[in-house]
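Peer 1: Numbered by this note's numbering, the letters in the sequence shown go through residues 482 to 981 in order. The structure follows.
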Amino acid sequence: MRATTNQAFRSNHGVMMANPLASRLLRLTLFNAVLLFFSSLAYADKQALYQSINARADQTWDAAQKIWQWAEPGYQETQSSALLASQLEAAGFQVVRGVAEMPTALVASFGEGQPVIAILGEYDALPGLSQEPVPQRAPRPNSPYGHACGHHLFGAASASAAIAVAEQIRAGALRGTIRFYGCPAEEGGSGKVFLVRAGLVDDCAAVLHWHPSSRNSAGDPTCLARAAAKFRFYGRAAHAGASPELGRSALDAVELTNHAAQLLREHTPDMTRIHHVITAGGGAPNIVPEFAEVFYYVRHPKSEVVRTLYERLLLCAKAGALATETKLEVEYLGGTVELLPNETLAQVTLANLRELCDLEFDAEQLQFATRMQATLEENPPLDSIREVRDAGGSTRKGSTDVGDVSWVAPTTGFSTACWVPGTPGHSWQATAAGGTTIARDGMQLAARVLAATAYDLYQQPDVLTAAREEHQNRVANHQYQALLEDGQKPPLDYRNAPAE
482 MRATTNQAFR SNHGVMMANP LASRLLRLTL FNAVLLFFSS LAYADKQALY
532 QSINARADQT WDAAQKIWQW AEPGYQETQS SALLASQLEA AGFQVVRGVA
582 EMPTALVASF GEGQPVIAIL GEYDALPGLS QEPVPQRAPR PNSPYGHACG
632 HHLFGAASAS AAIAVAEQIR AGALRGTIRF YGCPAEEGGS GKVFLVRAGL
682 VDDCAAVLHW HPSSRNSAGD PTCLARAAAK FRFYGRAAHA GASPELGRSA
732 LDAVELTNHA AQLLREHTPD MTRIHHVITA GGGAPNIVPE FAEVFYYVRH
782 PKSEVVRTLY ERLLLCAKAG ALATETKLEV EYLGGTVELL PNETLAQVTL
832 ANLRELCDLE FDAEQLQFAT RMQATLEENP PLDSIREVRD AGGSTRKGST
882 DVGDVSWVAP TTGFSTACWV PGTPGHSWQA TAAGGTTIAR DGMQLAARVL
932 AATAYDLYQQ PDVLTAAREE HQNRVANHQY QALLEDGQKP PLDYRNAPAE
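Shown next as structure tokens:
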């Protein structure tokens, strides 16, 4: 059908076909029309999914709030992963915990046979972004971490959607397997890369994911690949005033490394990102620091470029050690590759998001959002939470280990508005909104979209076939290669304080 339509379009609209963007837009419009037609036929059947998700709304929000309160860092999400695993077990899932040498990773399955539709879930928090659910800066006492990327919502909503689909499999309305992946340490720990390396997603016909945001979007975006490393320098302590000549400063080595990295930026390809934090630099100015550590990320839209950039960054660290007569120790933490788009799946998700988006602020939420926007640099209209954007063809500036999954199985994702419009990710404002009913509403929308998309894929095997063919065409000339060293283990302690 699509081929016939495209032939007619070529013959009647040659000028537009000369414009690749115009061609793509028309194809997507026609594809969306077909999807909406089939979606309307399945509307009554999908109501059971929505009713299940709505009936479980309090339980799902309670789980999200607990995970938000616990705010556990990557590979240390013990309570968070146990809570979601228990909920899935209670719903009849077979749950395997501690997979791929990651204690807080889990795989939960329900049903049997093909197709296997997977839904990803995350639950790790970020350092330094603790925050009360209020529209002014107010860190929570005794809680250094915060869910500034909304992963407490990601895990809870994904689990709710998986349970709703499982109920329909149990009822005989759907046939196949629904699988939930509990994925730790997305923020810099590359947890999903180890799931992929263990072969745990090889049999998936489609993988679905979502992410909290300040707006609603779906489509087929890609993202930046990323490598991470910690450079540790060991020098010699001395009295900085009385005998500085006897010391060898590890902090000087870090500073030289950072200066060299700044100079490197001028000679890198467009879209390169190199950023760092000094995680240890000494305890007192009158002591020559004998230990210092700097933590680096390197990003680019292509993983093969990231590999070469990391090798050049490593030279900067070696130069810092050489110039200061200190010893360099490198902990390479691995990395993530860029997302591989799948337009076929993306259009199914986009159609469901457009159909189901019903977000609107009530009076209390509107008051919170108005006060919050006073703290933001950008202030889009508050009613933009009702909009759904097509992110097709774009490159997001962040990175995600979902990228590695997407090279092994057809994958698509979307975002829903769980934060106040204009809120950047990895900010205290995102943490604050994540503890409010604004986040609850966005999370519930995400659960419905996940479940509806899974339903469509079970009911339309031709879409899964098309998605697989598209995936095979995209990877045909690009062999997947993880940004891991041979035999590398998950960096389970990467969030721990530096050990001197």
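The beta carbon of each residue, even a glycine, is placed where N, CA and C say it ideally should be.
From what residue to what residue does the beta strand (DSSP E) around T881 run?
Peer 2: It is not in any beta strand (DSSP E) - T881 carries neither H nor E in the DSSP assignment.
Peer 1: Note the first and the last residue of the continuous alpha helix (DSSP H) segment covering W549.
Peer 2: A538 to W551
Peer 1: Just to confirm, are G763 and L809 a CB contact at a threshold of 7 Å?
Peer 2: no
Peer 1: Counting pairs of Cβ atoms below 8 Å between the segment 893-907 and the segment 855-871, do you hit three or more?
Peer 2: yes
Peer 1: Tell me where the beta strand (DSSP E) around F556 begins and ends.
Peer 2: In the sequence as presented, Phe is not what sits at residue 556; that position holds Tyr. Taken as a continuous stretch (DSSP letters only), Y556 belongs to no beta strand (DSSP E), as it is neither H nor E.
Peer 1: Does the separation of the CB atoms of T807 and G700 fall below 7 Å?
Peer 2: no
Peer 1: In the DSSP assignment, what residue or residues form a beta bridge with C704?
Peer 2: R877
Peer 1: Considering only their Cβ atoms, is the gap separating G657 from A702 smaller than 7 Å?
Peer 2: For the record, residue 702 in the displayed sequence is Pro; it is not Ala. No, Cβ-Cβ distance for P702 and G657 is not below 7 Å.
Peer 1: Measuring alpha carbon to alpha carbon, tell me which of D839, R707, P693 and T881 ends up nearest S908.
Peer 2: P693
Peer 1: Round the Cβ separation of Q698 and R870 to the nearest angstrom and send it over; I've been treating them as touching at under 8 Å.
Peer 2: Residue 698 is actually Ser in this sequence, not Gln. Correct: roughly 4 Å between the Cβ atoms.
Peer 1: Identify, in the order they occur along the chain, each residue of the same chain with its Cβ nearer than 8 Å to the Cβ of Q575, setting aside the five sequence neighbours on each side.
Peer 2: A589, S590 and F591
Peer 1: For W909, name the three-state secondary structure that DSSP assigns.
Peer 2: helix
Peer 1: Could you name the residues of the same chain whose beta carbon sits closer than 8 Å to that of L795, not counting the 5 residues immediately before and after it, in chain order?
Peer 2: Hits under 8 Å: A710 and V811.
Peer 1: To the nearest angstrom, report how far apart G639 and V615 are at their CA atoms.
Peer 2: In the sequence as displayed, the identity of residue 639 is Ser instead of Gly. If you take the alpha carbons of S639 and V615, they lie about 26 Å apart.
Peer 1: Per DSSP, R578 is paired with what?
Peer 2: Paired residues: L587.
Peer 1: In terms of residue numbering, what span does the alpha helix (DSSP H) encompassing V779 cover?
Peer 2: No alpha helix (DSSP H) holds V779; the beta strand (DSSP E) holding it covers F772 to H781.
Peer 1: Using only the alpha-carbon positions, how far apart do K970 and Q532 sit?
Peer 2: 42 Å
Peer 1: For the alpha helix (DSSP H) containing T830, name the first residue and the last one.
Peer 2: Residues E824 to L837.
Peer 1: Can you tell me whether N767 is buried or exposed, with buried defined as 16 or more other CB within 10 angstroms of its CB?
Peer 2: exposed
Peer 1: Express the C-alpha separation of A742 and P750 in angstroms, rounding to a whole number.
Peer 2: 14 Å
Peer 1: Tell me the DSSP secondary structure of Y813 in three-state form.
Peer 2: Strand at Y813.
Peer 1: The beta strand (DSSP E) spanning D864 covers which residue range?
Peer 2: No beta strand (DSSP E) contains D864, which DSSP labels as neither H nor E.
Peer 1: Within the same chain, show all residues whose beta-carbon is closer than 7 Å to that of D922, passing over the 5 residues directly before and after it, in chain order.
Peer 2: Answer for D922: L840, listed in chain order.
Peer 1: Could you say which of A850, L821, A800 and A933 lies nearest to S695 if we only look at CA atoms?
Peer 2: Checking every option, the nearest Cα to that of S695 belongs to A850.
Peer 1: Hey, out of G728, H757, R729 and S724, whose CA is closest to H740's CA?
Peer 2: H757
Peer 1: State buried or exposed for T485, treating a residue as buried only when at least 16 other CB atoms are found within 10 Å of its CB.
Peer 2: Its pLDDT being 35, under 50, T485 is placed unreliably by the model, and the measurement read from it follows with that caveat. T485 should be labelled exposed.
Peer 1: Mind checking whether E774 and P554 have CB atoms under 7 Å apart?
Peer 2: no
Peer 1: Using the Cα positions of D684 and G653, report the straight-line distance between them to the nearest angstrom.
Peer 2: In a straight line, the C-alpha of D684 is about 22 Å away from that of G653.
Peer 1: Given that a residue counts as buried once 16 or more other Cβ atoms are within 10 Å of its Cβ, and exposed if not, what is Q960?
Peer 2: exposed
Peer 1: Do A629 and L607 have their C-beta atoms within less than 7 Å of each other?
Peer 2: Contact flag set, yes.
Peer 1: So, under 8 Å CB-CB, Y778 and P665 are touching, yes? Tell me the CB distance rounded to an integer number of Å.
Peer 2: Between P665 and Y778 the Cβ distance is about 19 Å, and since that is not below 8 Å, they are no contact.
Peer 1: For chain C, is any of its Cβ atoms less than 7 Å away from the one on A927?
Peer 2: Although the question refers to chain C, the structure presented lacks it and comprises just one protein chain.
Peer 1: Less than 7 Å separating the beta-carbons of V818 and A914?
Peer 2: no
Peer 1: From which residue to which residue does the beta strand (DSSP E) around E687 run?
Peer 2: At residue 687 the sequence reads Ala, which differs from the Glu that was named. A687 -> beta strand (DSSP E) spans A687 to S694.
Peer 1: How should M583 be labelled, buried or exposed, when 16 other C-beta atoms within 10 angstroms of its C-beta is the threshold for buried?
Peer 2: Classification of M583: buried, given that the 10 Å Cβ count is 16 or more.
Peer 1: With DSSP collapsed to three states, give me the class of V786.
Peer 2: helix
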